[in-house]
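Novice: In our numbering, the protein residues as written are 1 to 417.
This structure is in structure tokens; I'll ask about it shortly.
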Ligand SMILES: Cc1ncc(COP(=O)(O)O)c(C=O)c1O
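Below is the structure:
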């Protein structure tokens with residue numbers, strides 16, 4: 001089993017999961033026609049409802065992956081499907097040559113809820129990172145000099161697969177075969193001020209960090225460390241960028257993880273849960289930084305598309321107006337409590353349990369691939385985050401009963417292992 005692939009929610013085909021001739025046929029057609037960048041589980045999913053998914057054989061799965069922290073309202077949420085159907089019939093796409101009302105409304109909701117001045121819309125996490133990198137360099141170069149372009153990122157971080165985002169990602173395995181990378185990016189160990197201070201120079205324009213490293217194994221940035229970074233950035237006019245593609249939009253119980261830290265970044269990136277399954281990304285910036293972009297500086301054909309913005313409006317409405325965040329707070333605390341109890345019960349197998357609310361990691365003393373597969377065979381989807389960590393990122397609507405069901409399957413898979 002390739003641990004790096006499992007960490008991305010992907011896995012080599014295993015014979016433990018039963019395949020019908022129907023499913024086998026789809027798998028071979030997929031392998032034939034789809035480019036070979038993923039090592040899928042041998043399962044073809046067909047429909048979803050609430051916190052459950054069904055494959056084409058009719059097998060049901062409790063979904064604690066949520067499309068890797070994407071399906072914030074679960075599957076087929078009535079408010080989301082209804083709003084999208086209505087918007088589809090009204091206006092699916094128009095260019096950013098023109099305004100559309102869902103985009104303006106979403107920008108207003110996001111800026112009001114976050115305190116950032118303005119938003120740039122795009123389609124994915126990597127694209128939001130690209131926008132942040134470009135905005136930061138534009139700010140720094142236009143305000144100082146052409147050489148002030150250095151960006152400091154964290155070792156073990158993950159920011160996406162496009163060239164800028166990949167270069168920013170602090171894991172060598174994602175760079176292999178793709179040199180030369182985007183220049184002027186250095187990586188330092190997280191929560192290590194000495195290393196950060198040593199890396200900062202007169203050419204530093206931005207520091208990029210995930211409040212909780214997701215793909216990197218659910219590792220939390222220390223709030224005190226973030227506070228010191230904030231003051232360094234303030235003193236030297238370096239821009240602080242939080243990548244909240246995974247932590248944002250309610251996953252940690254607040255709309256944004258930065259709200260827990262006491263530190264406000266200059267730029268924030270969002271995607272994943274924002275559209276509840278509909279692709280959308282966003283990059284927001286403070287009033288100091290946002291005006292560095294002028295017409296023509298950056299663009300995306302689909303960015304701020306009315307359909308995507310409609311989806312995000314529904315997600316935010318459920319989280320902000322319909323007690324969605326309260327559910328994450330309450331059930332996230334319950335999940336964390338249950339995981340702590342599991343660790344106490346299996347001290348030899350479980351090394352650590354960490355995370356916040358609905359973004360939890362369980363670190364094992366062994367590779368987790370066999371446990372992930374056993375869970376799947378028993379009808380629970382979970383995803384790795386590094387070779388030894390299982391990540392639990394359920395839909396934000398998950399209830400105590402879902403958590404009990406997930407933990408019962410996880411424990412059964414654990415005790416078999
Ligand atoms: C923190 C973080 N940033 C960026 C990305 C890239 O997002 P996308 O896959 O939508 O490009 C991810 C994806 O896992 C992520 O977790």
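The beta carbon of each residue, even a glycine, is placed where N, CA and C say it ideally should be.
1) Collect the residues with a C-beta less than 7 Å away from any heavy atom of ligand 1 and give them in sequence order along the chain.
2) Which residue's Cα is closest to the Cα of residue 82: 99, 209, 187 and 313?
3) Let me know if residue 77 comes out buried or exposed under the rule of 16 or more other beta-carbons within 10 Å of its beta-carbon.
4) Residues in its own chain within less than 8 Å of residue 54 by CB, not counting five upstream and five downstream?
5) Cβ of residue 121 within 8 Å of Cβ of residue 304?
6) Fully enclosed by the region 224-310, which alpha helix (DSSP H) runs are 4 residues long or longer?
7) Going residue by residue through the region 37-69, where are the continuous alpha helix (DSSP H) segments of at least 4 residues, counting only ones entirely within it?
8) Whose C-beta lies closer than 6 Å to the C-beta of residue 103 among residues of the same chain, with five residues either side of it excluded?
9) Can you name the start and end residues of the beta strand (DSSP E) that residue 354 belongs to?
10) Can you grab the Cα-Cα spacing for the pair residue 384 / residue 66, in whole Å?
11) Following the continuous beta strand (DSSP E) through residue 187, name the residue where it begins and the one where it ends.
12) Can the beta-carbon of residue 423 be found closer than 8 Å to that of residue 79?
13) Could you check if residue 139 is buried or exposed, using at least 16 other CB atoms within 10 Å of its CB as the buried criterion?
14) When we look at the beta-carbon of residue 227 and count the other beta-carbons within 10 Å, is it buried (16 or more) or exposed?
15) Can you tell which of 345, 344 and 355 has the C-alpha that lies nearest to the C-alpha of residue 450?
16) According to the neighbour-count rule (16 or more other Cβ atoms, all chains shown, within 10 Å of its Cβ), is residue 284 buried or exposed?
17) Within the 8 Å Cβ cut-off, does residue 22 reach chain D?
18) Could you spell out where the alpha helix (DSSP H) holding residue 103 opens and where it closes?
19) Among residues of its own chain, excluding the 5 on either side of residue 134, which ones have a beta-carbon nearer than 6 Å to its beta-carbon?
20) For a test of the three-state rule: what should DSSP assign to residue 398, helix, strand or coil?
21) By Cβ distance, which residues of its chain are closer than 6 Å to residue 189, with the 5 residues on each side in sequence left out?
22) Among 279, 96, 245 and 255, which has the Cα closest to the Cα of residue 301?
23) Which class does residue 385 belong to by DSSP, given the choice of helix, strand or coil?
24) In terms of DSSP beta bridges, what is residue 153 paired with?
25) Output the boundary residues of the beta strand (DSSP E) element that contains residue 359.
26) I'd like to know whether the C-beta atoms of residue 203 and residue 147 end up nearer to each other than 8 Å.
27) Tell me where the beta strand (DSSP E) around residue 421 begins and ends.
28) What whole-angstrom Cβ distance do residue 64 and residue 393 have, given they're in contact under 8 Å?
29) DSSP on residue 335, reduced to helix/strand/coil?
30) Compare the beta carbon distance of residue 269 and residue 260 with 8 Å and say whether it is the shorter of the two.
31) How long is the line joining the alpha carbons of residue 33 and residue 27, rounded to whole angstroms?
32) First and last residue of the alpha helix (DSSP H) that includes residue 119?
33) Roughly how many angstroms lie between the CA atoms of residue 216 and residue 244, to the nearest whole one?
34) Just the C-alpha distance for residue 279 and residue 263, rounded to the nearest angstrom, thanks.
Specialist: Reading from the atomic positions:
1) Spelled out in chain order, the answer is 68, 124, 125, 126, 127, 129, 158, 159, 160, 161, 165, 210, 214, 215, 243, 245, 246, 269, 271, 272 and 281.
2) Nearest to residue 82 by alpha-carbon distance, out of 99, 209, 187 and 313, is 313.
3) Note on residue 77: 16 or more other CB atoms within 10 angstroms of its CB, so buried under the neighbour-count rule.
4) Taken in chain order, the residues that qualify are 45, 46, 47, 48, 60 and 61.
5) The beta carbons of residue 121 and residue 304 sit closer together than 8 Å.
6) With a minimum length of 4 residues, the unbroken runs of alpha helix (DSSP H) contained wholly in the region 224-310 fall at 258-261.
7) DSSP runs (the alpha helix (DSSP H)) wholly in the region 37-69: 66-69.
8) Taken in chain order, the residues that qualify are 304 and 309.
9) Membership of residue 354 in the beta strand (DSSP E) is indicated by the continuous run 350-356.
10) Taking the straight line from one Cα to the other gives about 13 Å.
11) Its beta strand (DSSP E) spans residues 185-188.
12) Since the displayed the chain opens at 1 and closes at 417, residue 423 lies outside it and no answer follows.
13) By the neighbour-count rule (16 or more Cβ atoms within 10 Å), residue 139 is buried.
14) It counts as exposed.
15) For residue 450 there is no data in the structure shown, the boundaries of the chain being 1 and 417.
16) Under this definition residue 284 is a buried residue.
17) Of the protein chains in the structure, only one exists, and it is not chain D.
18) Its alpha helix (DSSP H) spans residues 101-114.
19) 298.
20) Residue state, collapsed to three classes: coil.
21) Once the five neighbours on either side are set aside, the close Cβ partners of residue 189 are 155 and 195.
22) Nearest C-alpha to residue 301: 96.
23) DSSP places residue 385 in coil when its eight states are reduced to three.
24) 187, per the DSSP bridge assignment.
25) Boundaries of the beta strand (DSSP E) harbouring residue 359: 359-364, taken from the DSSP string.
26) In contact: residue 203 and residue 147 (Cβ atoms closer than 8 Å).
27) An answer regarding residue 421 cannot be provided, because it is not within the stretch 1 to 417 covered by the chain.
28) Indeed they touch by this definition, with Cβ atoms about 7 Å apart.
29) In this structure, DSSP gives residue 335 a helical state, which the three-state scheme calls helix.
30) The answer is no: Cβ separation not under 8 Å.
31) Roughly 10 Å between the two C-alpha positions.
32) No alpha helix (DSSP H) contains residue 119, which is instead part of the beta strand (DSSP E) from 118-122.
33) Distance between the alpha carbons of residue 216 and residue 244: 14 Å.
34) Whole-angstrom Cα-Cα distance: 28 Å.
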